[in-house]
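Protein sequences appear in the order of chains A and B.
The opening residue of the first sequence carries number 691 in the numbering used here; numbering runs sequentially from there.
The opening residue of the second sequence carries number 145 in the numbering used here; numbering runs sequentially from there.
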Amino acid sequence: MCGIAYQAVGYYYRYPDYAALTVVTSEAVLFVIIASMISYFIEKIRLGETRYRSIFEHSQLGIALFGRTDFIISQTNTRFLSMLDYSPEEVIGKPFLSLCLTSRDKERFLEKIGKSDATENFETRLATKSGAGYWVNLSWNRVDDATISCTAVNINGRKIAEKLNNDNMMKYSQLTENSPNGILLIQHDSIRFSNPSFSGLTGYGKNELAGKNLADFVDPRDKDEFIEFAKHWSEHKPVHGEKEIRFMTKNGDVRLAALTANSILHLEKPATMINIVDISEKQRLSDKIHEDNERRRGIIVTVAHELRTPLQPILGYLNLLISDPEGFGIVEDTKKILERCLVSVDRERQIINQMLDLSVLDSGKLQLSYSTFQLEPLVKSLLDTGGYLTKAEVTVDIPESVTMTADKDRIYSVIDSLLSNAVSYSKPPRKINIHYSSETDDLYHHISVKDNGIGIEQNAISSIFEPFQLADSAKLSRRYDRIGLSLSIAKKVVQMHSGDISVNSAVNTGSTFTINLPKEMKNAS
Amino acid sequence: MPHKIMLIEDDRPILDMMEILLKRIGYEPILVPDVLDALKQVKENPPSLILLDIMMTPINGWEFLDKLRGEYGQKDIPVLLFTASPSVEEKIAELNDSRLGVLQKPVSIIELKAGLEKFLAK
């Protein structure tokens, strides 16, 4: 303004003409206006540039400007530099292509930018200063004929997670591909992974299963039970044991499977690994075995009934005749014959009863009736009733104080079987010893029956408790006319008491059978 | 007076033999070969004890027992199931009837006598 005033005063002195002064003054005023406007616009441009610079510098997006043809980077913002850990000097003036991680990444970039100056969401890896890969999502636009503005969004975290997921899936796949069991990975109630065996079980492909709720494949009859089971793992509670669940296959069949669940971490978050064993076939066989056993038991029961019924008149009449031989005019020799008939009838009755006992034991339907009793009187009563004292020299080493809790009648039968066995497989002079032993801290009663009989070959010992197995069966059954059921029954009865029978034997010296019964009966009531 | 023992049994040989056996051990047998007549006979000639076969037609021993105890209200007459069928104990336990027991065929004269005495004493 001072300059304009000075110029106006200068004009006035050089050309002291009012008209000229007016012209000069008008020119000066116009000049001032134009100068003010220029100044205003310059200020405006300066403010705009500052704003642009501020946005450029503070953007959360990485921004780089590079040449359209040579890709030389002319400018970047701080965010772009910090993503890749470079300083401005290390990037400015270098081609953008030099930031691509691999030659393949470079090729993809060139291919993409060659097609268009304006691109969105191009995912690629740039190299950080240390040479590591860094995933970015690039979008670019042409700023002018010579410049491209490119923004870079950080997607490194997401890409790493995706890769980890893919790596995990690959790992799961490798680990479970050949597993005969179905294996599922469940997270947030959705199937994240399934192996080929589970697809084989259900008929659904991997992609049909992915993202679905496992409950969608459960047989409606088992759905409630399954939901209850699944509640544990969805709440990340420990899941113990296995659950049998029926699944519906794609073609409408039902498959039974045993499920076990384990908590794991998948992508650092809680997930559940489910192991699924197809037990349909096992169940079918088990049902078949059960059915066959029931049928066999039915046959045995019917046969037993049919065999027992005709024995009743025979036994009754023999009893009548033998009880009053004079009354029926029977001579002594005839009476002896009738007595032998009676022994045979009694033996047949025993065999039928043993067959029935065994079938009941096999069916698992036998209920033990527990009571607490003294052992010594039981054994004495058995020796007396069974007539063993007339058949052998029997010694009993059982303290009077010994009491036990067990099914008294069944234990009576077990000891009876062992005594009968001792008598049957020995010759006079028979010697039988019944011995009890147990220490205070011993959890078991040990009742042994020792004989001086023919003994058992070592290789036959394991089979003597099998039904209808006699060691050297043909020879022995001829010699003793017996079938081998009693030991099998005795063993099963003792096993029902959670005990066992062991045997020690030496050929031509004798055998010792020992009943080992727990002192505390878990199921006793 | 000897105890009257009613034997409901459709097997004739057993019935004939049991008649002699029961008499021999001091009882008065009432023989009923047809189970359908049994309920009428129980009413007309009440026995001290009933020996009851199970596998009979047209109604079996269990059905007879059900009628005897239920429809006919004869809850006090002791009944011994006289059967060759195994595994009746389970069903007996289910019925929870203190006046119900079992004698497994074939029984010897000693077992029959002991069984009857024990049950009549209850």
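Virtual Cβ for every residue (Gly too), placed ideally from N, Cα, C.
Since the structure is predicted, the reported quantities are computational estimates derived from the model, not experimental observations.
Taking C-beta atoms as the reference points, leucine 1048/A and leucine 1175/A count as a pair closer than 8 Å.
Serine 1188/A places its beta carbon less than 8 Å from that of proline 1208/A.
Under the 10 Å beta carbon count, arginine 743/A is surrounded by fewer than 16 other beta carbons and is classified as exposed. By the beta-carbon neighbour count (other beta carbons within 10 angstroms, threshold 16), glutamate 1129/A is exposed.
Note: glycine 214/B is not bridge-paired with any residue in the DSSP secondary-structure output. Judged by beta-carbon spacing, isoleucine 1004/A lies beyond the 8 Å limit of leucine 1028/A, meaning their Cβ atoms are not closer than that value. By the 16-neighbour rule on beta-carbons within 10 angstroms, aspartate 1014/A is exposed.
Per the C-alpha coordinates, the member of Arg987/A, Thr939/A, Glu934/A, Lys921/A positioned closest to alanine 961/A is Lys921/A.
Under the 8 Å criterion on CB atoms, histidine 995/A is classed as interfacial with respect to chain B. By the criterion of at least three beta-carbon pairs nearer than 8 Å, the segment 1196-1211 of chain A is in contact with the segment 1133-1143 of chain A.
Taking 8 Å as the upper bound for CB-CB distance, methionine 162/B and glycine 1006/A are in contact here, some 7 Å apart.
Per the Cβ contact rule, the segment 743-756 of chain A is not in contact with the segment 725-732 of chain A (fewer than 3 Cβ pairs under 8 Å). Contact of lysine 249/B with chain A by beta-carbon distance below 8 Å involves Arg998, Thr999, Leu1001, Gln1002. Here the alpha carbon of threonine 1024/A sits roughly 41 Å from the alpha carbon of isoleucine 236/B.
Membership of alanine 1196/A in the beta strand (DSSP E) is indicated by the continuous run 1190-1196.
Taking the C-beta atoms as reference points, serine 1116/A is found nearer than 8 Å to glycine 1143/A. In the same chain as isoleucine 782/A, and ignoring 5 residues on each side of it, the C-beta atoms closer than 8 Å to its own belong to Ile763, Ser764, Gln765, Thr766, in chain order. DSSP places alanine 961/A within a strand segment (E or B) once states are collapsed to three.
Taking 8 Å as the CB threshold, serine 1178/A stays off the interface with chain B. Shortest Cα-Cα distance from aspartate 835/A to any of Glu898/A, Glu779/A, Ser880/A, Leu755/A involves Leu755/A. Straight-line spacing of the CA atoms in leucine 1072/A and glutamine 1185/A works out to 21 Å. Just measuring C-alpha positions, the residue of Asn827/A, Glu934/A, Pro1119/A, Ser970/A sitting nearest leucine 751/A is Asn827/A. Among the residues of chain A, none has a CB under 7 Å from the CB of leucine 180/B; the nearest is roughly 21 Å distant.
Phenylalanine 937/A has Val908/A, Arg945/A as its beta-bridge partners, per DSSP. Judged by DSSP in its simplified three-state form, threonine 1202/A adopts strand. No Cβ of chain A is located within less than 8 Å of the beta carbon of alanine 258/B.
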